[in-house]
Structure formats: structure tokens, C-alpha cells
Amino acid sequence: MKNSLLKKTIPLALAGLLMACQESDNNKAEDVVVTPVTEAIEVVEEVVAPEPEDLSYLLDEHSYANKDEVVLTHLDLDLDVLFDKKQLKGYVDLSFNRLQPDATELVLDTRDLTIDKVNSIDEDGNESATEFVLAEKDSVLGSKLTIQLKDGEEKVRVYYNSNPEASGLQWLTPEQTAGKKEPFMFSQAQAIHARSFIPVQDSPDVRVTYKANIRTPKQLLAVMSAFNEPDTYLDGDYQFDMPQAIPPYLIAIGVGDLRFRAMGKRTGVYAETAYLQDAVKEFEDTEQMIDITEKMYGPYLWGRYDLLILPPSFPFGGMENPRLSFITPTVIAGDKSLINLIAHELAHSWSGNLVTNATWRDLWLNEGFTSYVENRIMEELFDEKRANMENALSVQSLREQVKTLPEGDTILHITLDGRDPDDAFSGVPYTKGQMFLVFLEQRFGREVFDKFLNQYFGDHSFKSLTTPEFEKYLDKHLISKYPGKVTQAELDEWLHAPMLPEFMPNPQSDAFTNIDADTKSWFAGATELADLPTDKWSIHEWLHFLNNLPQDISLEKMVELDKAFELTASTNNEVAHAWLKLAINRNYDVVNERLEDYLISIGRRKLIVPLYRDLMKSDNGAEFAKRVYAIARPGYHPLAQGTIDAIVNSAEASQN
Ligand code: BES
Ligand code: ZN
13 MKNSLLKKTI
23 PLALAGLLMA
33 CQESDNNKAE
43 DVVVTPVTEA
53 IEVVEEVVAP
63 EPEDLSYLLD
73 EHSYANKDEV
83 VLTHLDLDLD
93 VLFDKKQLKG
103 YVDLSFNRLQ
113 PDATELVLDT
123 RDLTIDKVNS
133 IDEDGNESAT
143 EFVLAEKDSV
153 LGSKLTIQLK
163 DGEEKVRVYY
173 NSNPEASGLQ
183 WLTPEQTAGK
193 KEPFMFSQAQ
203 AIHARSFIPV
213 QDSPDVRVTY
223 KANIRTPKQL
233 LAVMSAFNEP
243 DTYLDGDYQF
253 DMPQAIPPYL
263 IAIGVGDLRF
273 RAMGKRTGVY
283 AETAYLQDAV
293 KEFEDTEQMI
303 DITEKMYGPY
313 LWGRYDLLIL
323 PPSFPFGGME
333 NPRLSFITPT
343 VIAGDKSLIN
353 LIAHELAHSW
363 SGNLVTNATW
373 RDLWLNEGFT
383 SYVENRIMEE
393 LFDEKRANME
403 NALSVQSLRE
413 QVKTLPEGDT
423 ILHITLDGRD
433 PDDAFSGVPY
443 TKGQMFLVFL
453 EQRFGREVFD
463 KFLNQYFGDH
473 SFKSLTTPEF
483 EKYLDKHLIS
493 KYPGKVTQAE
503 LDEWLHAPML
513 PEFMPNPQSD
523 AFTNIDADTK
533 SWFAGATELA
543 DLPTDKWSIH
553 EWLHFLNNLP
563 QDISLEKMVE
573 LDKAFELTAS
583 TNNEVAHAWL
593 KLAINRNYDV
603 VNERLEDYLI
613 SIGRRKLIVP
623 LYRDLMKSDN
633 GAEFAKRVYA
643 IARPGYHPLA
653 QGTIDAIVNS
663 AEASQN
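Residue numbers for the sequence shown follow the numbering used here, beginning at 13 and rising by one.
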């Protein structure tokens, strides 16, 4: 895979244009690519430095697409959802722009797709066969699909189907759903899985509008990351339109026994009946969250904002699919304690969906900004106390995580070297990225920083950018404007150095300081458990308490805690996670039945992966993990299966 990348050369014209781009600030290659090739070459001669700059960061190493020659602009999907075969089957019309007029090929990404035929479509809509080559599969990138283009034509139709092993789709049997009567199917395209259900230029630097005709069994409802008609009646034939250009990783579909309930004038919930009412209550503040964010960062530009509640096997907490965030049911806690997840996915409507990371090396531009905005929303909706607690918990977990990560993976502008972005996933782009922005906020003051962010979102709307492009923009619009506040060395340390800067903000929570003192005195025998003011604790305080208990806490104390607070039976999935993790490490096997049930009923990676990891550290634990995983695995999403297969198998290998 690395070889194929090295062989990829930057076309001369592009190189020239890129040099030109580097001279200006907030732009992307595509903004200026209209320049004819010859002129572009002239630019090269004028601008080229004696030591040519390394422009490799501008290439997306995770896509085969020839997006600098021919770039997709619009998709028309026409697909049948075939539950019996676990396939999406039909065709996609791909409209494109020729950036290089003499380009003869369109290069797409695919993974595990069956391509039946490819037709060229002329202006009158007539189809005629055209040649294509589907290359052998690369384990990270999938199979490159090269389509021969005919002179003058700007659309091709690819007849294809996805296959049951599609990494971006999960097909659930009726038994795996809440209602038990109907099957369910959903997609998860980020980072590089759109290609497993659509042949597409699967790079976050490409933006397409799309329309779709989706046919399903009559009794099911299909929803997409597009305009969804809340009053649609069930007939198995659904039309979608996404008129705003989005990167392919934001194309999403869900099909199931779904119903809709409105929350506010532009917000609502799609869910199986079993979740609908609880979800509407839990997430009723969504409309207010939009109002809050609009006040801070400008208008919400996407029309409606609905939530789709997925089955518990959804491998993430949430996914910011535009107009329709996908949400795990594991955050419906009954007390709104985990709704920062909604603030997070909503925040992506500005950072991520409007302003997008150009490559997966720049993920922190999506997730760091979003975590920052998420916390600002929580501060407004609740108060500083809650926002501080959430930040303190995130930073604590970041500090733990960086101890275990390969050093290179603690750098914000990470080097992926051809690795699957999923394999480098961690809290670093989220919380280190967020703390970088908190740092800037503290240095420049909230008022100035908010103004900067507002302008940043405005200037880059519907565009993608890389970290170096961000650095230029930051310098021009903030750092140089207010000299003497932040040094270049500090910026470099944030963005390009491993581990966490010593000057990283360290969010403090008075509530947590009190808990630390109370815990200490309980351990010293100075107070009884009953003296702890636990009846006033929020979920965040509980999490802080559990996460900070001494690693060598005695079994007696575990029993005492469990008896007093029924932690093994906790219905808050985050609290249960923290308690089960502690129990695994202390061999407190009273939890085993609950742990088994937890691992079988939840597929959210963040909640189960750490538990499998810790179980694999002991012989007993490993035996337990393998037995339970054998039962749980068929219900997990392909992405979770991949992650946990590696944990269970690598431990096996190291033990043998
Ligand atoms: N976009 C992410 C999920 C994601 C990231 C999928 C990278 C694939 C690759 C989503 O917005 C997210 O961050 N979800 C978090 C939410 C949490 C930080 C509140 C999650 O799922 O836990
Ligand atoms: Zn996110």
C-alpha cells in the first residue's frame, strides 16, 4: 500500500496550483483549479523554490481517486435494500467535473463491491457501455476502480451491489432489534467505509450533492443524511435529496421498523417504537442546543436536524450524518446525563460537516473543534460546573490514554503512513485538540476567540482544509493580529509534537476536588461510606469517584460499595462501564453475570473495548472474554468485530 502511494506523482499542473495556493490563505486546490494547465505550469516556473516544498500532506493517502483530474460533483443512487442477501443492489449515476480537460479516466474507491457493468451517459440520457478495470484488493484501501471516459461526457452509471461483508453496513436480524419483528440495516461510512456500499471518490476532500431512490420491504422506513420528510408514509419506496455538497463519509442510510416523533420545530427523533418516547424526552433540549450554537457560531445551514436512534450494536456513541445524526441508544439514561453526545454531533454541523478535515491526518480539525463547541453548548445549556466536570473527565481520560499510545499517535497532525485511520483512533484529536482551542481562548480571551471561530466557519463553509492550511489561517487571523500572546514554538508543540504540552489547560472542578477529599477520608477510616454526600452526586461525580478509586482497592471495600450503591446493577451505561472495569481489574467476580450481559447487549466500541482489553490481561479473564465474545460477536458491527478480534487474537498470540 505504501508503495502504491509512493508511485503516485503529483500532476505538474496540480503541483503548480498548490504552490500558488500556499501563497494565499484560506483556499483549497479546487478553488483555483479552473486555471488552464499551461498557465498552471507557468506558475510552477515562477513560484517554484530551489528546494521544492513537500506537498505530500495535500494528497489523501486513503483514496485512489484522481480527484485533481476528474472530480465527482453529484450522485444519483437507485438501490434496493435486500435483507435476504444482505446487499444494496442497483446503480449510481456519477456526475463529474473534468479539471483536466484531456483526462481520460475516472478513478474511484471501492471495497468488496461487485461491479456488473459501467455505462457512459450522454446529454440525452442514452447509455452506452464503457470499459472499466477493478484492481485487486488492498487490505486498507480496497479496490481501485478505473473507468474509461468518453469525450465530452460528464456522467457514468455504475451497476453494482454491496456484499454481506461490507465494512460500512450492518445487517441485523429481527431478533437483534428492540421490536424483534423486523430487520434493521444501517451504514457507518467514516472514515473510509463509504466505498464498501457506493463506488465513489472516498476522500473528505471531495464534496458531492446526492439524490437517492431507495426501495425496501413495504413495512420498513428508510432514512438518509438528506432531506427526510417527517410525514412520509410507509410504502417501501423512498426519495431523498441532499442539495448541499458533503464529503462521501457523510452519506448515510438507515432502514428499519422506524417511527418519527417531533421534538421542536426543526428537530425530531426516528426510532423503533420501543425507544421513541424515552428518546424524545431525553433529547428534548436539542432545539435549544441549535439556538445556542447559532448565537455563538452563526446560522445552522442544514434545514432540519433529526436524530436516528440505532440498535445498541451501533459501534459509536454518535455519528454526525448531516440533517440526521445517528445515535446509540446507550445514552438514553433517563436523566439527560449523557446528552453532551447530542451537543457533540450537532456541533459537527459547523465543525466537520461545514468545515471539513481534508485528509484523515487532520481529524483533529473535525473532532477537536467539535469537542470544544460541544462543551460550550453544555456550558450554555446547563452551567459552568457541568461543563467543567465534563472537561475534567475528558482530560483525565486523555492523560491515561497517552500513556498507552504509540508516541506518534499522540501528535495532533498525526502521520498515518498508510494505516487505516480506524487503527489510529484515540482521544487525542478530540481532547488534545479541544484543549488547544481552550488554550487559544484563554490567551486571546473568549470574545476575540469566538469572533475568530465565527469567521473561520464562515470563510471555510462547504470546504475542506488541511492542518498546514489551518496554521496559515490561524496566523493571519489571530496570532499575527494580536502579537505577543502565543509563540510559534507553542503552536508547533501543540500541533506537531508528541504527548501533552506542559502548558496544556488543566480543567479543574471544585466538585471533583471535594470528592477526592471525601474519598481520601473514607480510605483513611476517618469517615463512613454513608457520610459521603452521594445522594447529591451527578453521574459525572460518580464517574470521577469510580475512575479515581485506588487500583488496589480491597475486595471488602468493593463489596461495601456495591452493597451501598448497587453499582453492579447500575442502569447508567457509563457508570456501569467504570464499575465493571474496576471489577475486572480487582477480580471482583460478583459482576460476571452483569458483565456478560453488558458485553452481549452493547456494541458501542468505547464501552466494550476497554473491558475486553482488561479481561485479556489475566488467564481467567481471557477465558471469560473468549467465551462471552463467541456469543456476542455475531451481534457486533463489523468495525467492532475487527477491533475486538485483534484484541482477543493478539493476546492469544502473545500467550502462546
Ligand atoms: N465522527 C465521530 C465518530 C467517528 C470518528 C467515526 C472517527 C469514525 C471515525 C463522532 O462525532 C464522535 O466523535 N462520536 C463520539 C462522541 C463523543 C465524543 C461525545 C463517540 O461516538 O463516542
Ligand atoms: Zn465527533
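C-beta: ideal position from N, C-alpha, C; glycine also.
Quick caveat: nothing in here was measured; it's all calculated off a predicted structure.
In terms of residues, what are the limits of the beta strand (DSSP E) holding Arg278? Looking at the DSSP string, Arg278 is not in any beta strand (DSSP E), and its letter there is neither H nor E.
Given 8 Å, three or more beta-carbon pairs between the region 160-172 and the region 241-257: no
In its own chain, which residues sit with a C-beta less than 7 Å from the C-beta of Tyr287, not counting the 5 before and 5 after it? Ala190, Ile321, Pro341 and Ile344
Any chance you could list the alpha helix (DSSP H) runs of at least 4 consecutive residues sitting entirely within the region 333-382, in chain order? 352-359
Do Asp217 and Asp121 have their CB atoms nearer than 8 Å? no
What does the Cβ neighbour count give for Thr525, buried or exposed, with the cut at 16 atoms within 10 Å? With fewer than 16 other Cβ atoms within 10 Å, it is exposed.
Is Thr655 helix, strand or coil by DSSP? helix
Would you say Gly329 touches ligand 3, meaning its beta carbon is less than 7 Å from a heavy atom? With respect to ligand 3, the structure offers nothing, as its ligand set consists of ligand 1 and ligand 2.
What is the residue span of the beta strand (DSSP E) that Ile321 lies within? Judged by DSSP secondary structure, Ile321 falls within the beta strand (DSSP E) whose first and last residues are Tyr317 to Ile321.
Cβ shell of Gln34 (< 6 Å), same chain only, five flanking positions each side left out: Bear in mind that the predicted position of Gln34 carries a pLDDT of just 38, short of 50, making it too unreliable to give a figure here.
Hey, out of Trp591, Ser199 and Ala404, whose CA is closest to Val571's CA? Trp591
On the DSSP bridge list, what partners appear for His86? Ser107 and Thr221
DSSP state of Met669 mapped onto helix, strand, coil: No information on residue 669 is available, as it lies outside the stretch 13 to 668 that the chain covers here.
Residues bridged to Met197 (per DSSP): Trp183 and Val267
If you check the beta carbons only, do Pro327 and Gly615 fall under 8 Å apart? yes
Skipping 5 residues on each side, what residues in its chain have a beta carbon closer than 6 Å to that of Thr368? Pro216, Pro259 and Ser476
Residues in the same chain with beta-carbon distance under 6 Å from Glu42, minus the five sequence neighbours each way, listed in chain order, please. Its pLDDT being 34, under 50, Glu42 is placed unreliably by the model, and the measurement read from it follows with that caveat. The answer is none, since no qualifying residue turns up.
By DSSP's criteria, Leu157 is part of a beta bridge. Which residues make up the other side? In DSSP, Leu157 forms a bridge with Leu120 and Leu146.
Within this structure, are the beta carbons of Glu294 and Lys277 separated by less than 8 Å? Contact flag unset, no.
Taking the alpha-carbon positions, what's the Gly280 to Ala370 distance? 31 Å
For Asn400, does the count of other Cβ atoms within 10 angstroms reach 16, so buried, or fall short, so exposed? buried
Can you tell me the Cα-Cα spacing of Val498 and Leu71, whole angstroms? Between the alpha carbons of Val498 and Leu71 lies a distance of about 30 Å.
Does the distance from the C-beta atom of Gly310 to that of Gly470 stay below 8 Å? yes
Buried or exposed: Glu54, going by 16 or more other Cβ atoms within 10 Å of its Cβ? Residue placement at Glu54 is flagged as unreliable, the pLDDT there being 38, under the threshold of 50; a coordinate-derived value is accordingly withheld.
Tell me Met236's beta-bridge partners as DSSP assigns them. Ile265
Using CA atoms only, rank isn't needed, just tell me which of Arg169, Leu118, Glu148 and Thr126 is closest to Asp134. Arg169
Using DSSP bridges, identify the partner residues of Asp249. Arg227
Below 7 Å, is the gap between the Cβ of Asn352 and the nearest heavy atom of ligand 1? yes
With hydrogens ignored, establish whether the beta-carbon of Thr478 is closer than 7 Å to any heavy atom of ligand 2. no
Between which two residues does the beta strand (DSSP E) carrying Thr126 extend? Residues Thr126 to Ile133.
Mark Ser140 as exposed unless 16 or more other C-beta atoms lie within 10 angstroms of its C-beta, in which case mark it buried. exposed
Mind checking whether Thr422 and Val414 have CB atoms under 8 Å apart? yes
Neighbourhood of Gln454 by C-beta distance below 7 Å, restricted to the same chain and skipping five residues each side: Closer than 7 Å at Cβ, skipping near neighbours: Pro517.
Taking the alpha-carbon positions, what's the Tyr312 to Ser361 distance? About 7 Å.
Can you have a look at Leu405 and say buried or exposed, based on whether 16 or more other CB atoms are within 10 angstroms of its CB? By the C-beta density criterion, Leu405 is buried, having at least 16 other C-beta atoms within 10 angstroms.
Check whether the region 172-187 touches the region 225-240, taking contact to mean three or more Cβ pairs, one atom from each stretch, closer than 8 Å. no
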